[in-house]
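Q: Numbering (our numbering), first residue to last: 6 to 257.
Every residue gets a Cβ at the ideal spot worked out from N, C-alpha and C, and that includes glycine.
Note that the coordinates shown come from a computational prediction; the quantities given were computed from them, not determined experimentally.
Below you'll find the structure I mean.
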Amino acid sequence: MRHNSILVRYSEIGIKSRQTRKRWEKILIRNIREYLKVDDIICSKGRIILLTERKCDLKNIFGIASYSPAIKVDQDIEKIKKIAEEIYSGKKFRVSAKRITKEFPYPSRRVNEIIGEALVRRGGEVDLENFEEEIGIEFLDNYAYIFKERIKGPGGLPVGVQGKVLCFIEDERDIKAGYMMLKRGCEIDYCGKKPVELYKYSPGHEIRKYNRDTEYLFAVSGKNLDDFEELIKTKRKIEKEYGLKTLFPVLV
Numbered sequence: 006m007r008h009n010s011i012l013v014r015y016s017e018i019g020i021k022s023r024q025t026r027k028r029w030e031k032i033l034i035r036n037i038r039e040y041l042k043v044d045d046i047i048c049s050k051g052r053i054i055l056l057t058e059r060k061c062d063l064k065n066i067f068g069i070a071s072y073s074p075a076i077k078v079d080q081d082i083e084k085i086k087k088i089a090e091e092i093y094s095g096k097k098f099r100v101s102a103k104r105i106t107k108e109f110p111y112p113s114r115r116v117n118e119i120i121g122e123a124l125v126r127r128g129g130e131v132d133l134e135n136f137e138e139e140i141g142i143e144f145l146d147n148y149a150y151i152f153k154e155r156i157k158g159p160g161g162l163p164v165g166v167q168g169k170v171l172c173f174i175e176d177e178r179d180i181k182a183g184y185m186m187l188k189r190g191c192e193i194d195y196c197g198k199k200p201v202e203l204y205k206y207s208p209g210h211e212i213r214k215y216n217r218d219t220e221y222l223f224a225v226s227g228k229n230l231d232d233f234e235e236l237i238k239t240k241r242k243i244e245k246e247y248g249l250k251t252l253f254p255v256l257v
């Protein structure tokens, strides 16, 4: 489907206080901009909108719950109906409208009925439970965003909203621990092997080798209870060489 925008829904940011939410929205936007090199980005009412026709993959950007390539049009029911008819493929369908802001005069249920009736006249079959295709419509700030996909994001918090931690990297378990820290919004540095697998998850926040002048919250390791002796050995090593307490997020 052609699109002229991408509608991004964020994850845990939405449950924070207004002040925290605004600050974290800016960090998420900065991460998206750094990852995609897209400048035209706006944020309103729990949505981040990328004004682009490019195909964009946002699956590696923490903080995103889901996103939808969308067609942005004026809040005119005839224009919305026309776009819905153009993108509809003929499968069993349902229409899901949501008014995020309330400028549009019709309630969401009425929009569902109007667009659904138009598609039925074109030979479509409505099936609210076992649909094969969903036409989504979100109304926001005098525009309607029409889409067919809701692509799942990685969730979590944007990298950079928490402090920085040091990842002790020896094997895949440690990579997993680093991934978990990034997902909780931490920036990471490393000691040991270079964690190249994690670079794509940290846009705008370079993963560097340990620096004694950097202030770290703590260290993390992927060691678990399967080898308790190794876990204790790693804990003591990190405390002795780096002076940091160690968390083990992958205990089982």
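Please list, in chain order, all residues of the same chain as Y148 whose beta carbon is under 6 angstroms from its beta carbon, the five residues on each side excluded.
A: Reading the sequence shown from its first residue, position 143 is the one you call residue 148. For Y148, where only same-chain residues beyond five positions count, the Cβ hits under 6 angstroms are K77.
Q: Here's the rule: buried if 16 or more other CB atoms are within 10 angstroms of the residue's CB, otherwise exposed. What is L230?
A: Residue 230 sits at position 225 when you count from the first residue of the sequence shown. Label assigned to L230: exposed.
Q: Please name the residue in N117, Q167 and Y204 whose C-alpha comes closest to that of K181.
A: The sequence position of residue 181 within the sequence shown is 176, counting from 1. Comparing Cα-Cα distances from K181 to each of N117, Q167 and Y204, the minimum goes to Y204.
Q: How about L145 and R26: do their beta carbons lie closer than 8 angstroms?
A: As a working note, residue 145 is residue 140 in the sequence shown. As a working note, residue 26 is residue 21 in the sequence shown. No. Outside cutoff.
Q: By DSSP's criteria, G190 is part of a beta bridge. Which residues make up the other side?
A: By 1-based counting over the sequence shown, the position of residue 190 is 185. Beta-bridge pairing links G190 to no other residue.
Q: So G183 packs on P200, CB below 8 angstroms; how close in whole Å?
A: Counting from 1 along the sequence shown, the entry for residue 183 is found at position 178. Counting from 1 along the sequence shown, the entry for residue 200 is found at position 195. Indeed they touch by this definition, with Cβ atoms about 6 angstroms apart.
Q: DSSP state of I47, grouped into three classes?
A: Reading the sequence shown from its first residue, position 42 is the one you call residue 47. I47 falls in the strand class under three-state DSSP.
Q: To test your reading of the DSSP string, which unbroken alpha helix (DSSP H) runs of 4 or more residues are found completely within the region 104–142?
A: The region 104–142 contains these whole alpha helix (DSSP H) runs: 113–126.
Q: Going by DSSP in three states, K4 sits in which element: helix, strand or coil?
A: Residue 4 cannot be examined here, being either before or after the span of the chain that is shown, 6 to 257.
Q: Please look up how many angstroms separate the CB atoms of L249 and I243, rounded, as I've assumed it's under 8 angstroms.
A: Looking up residue 249 in the sequence shown gives position 244. Looking up residue 243 in the sequence shown gives position 238. About 6 angstroms separates the two Cβ atoms, so the contact holds.
Q: Can you list, in chain order, the stretches of the alpha helix (DSSP H) that have 4 or more residues and sit fully within the region 173–237?
A: 177–188
Q: Do three or more CB pairs link the region 101–110 to the region 185–194 at distances below 8 angstroms?
A: no
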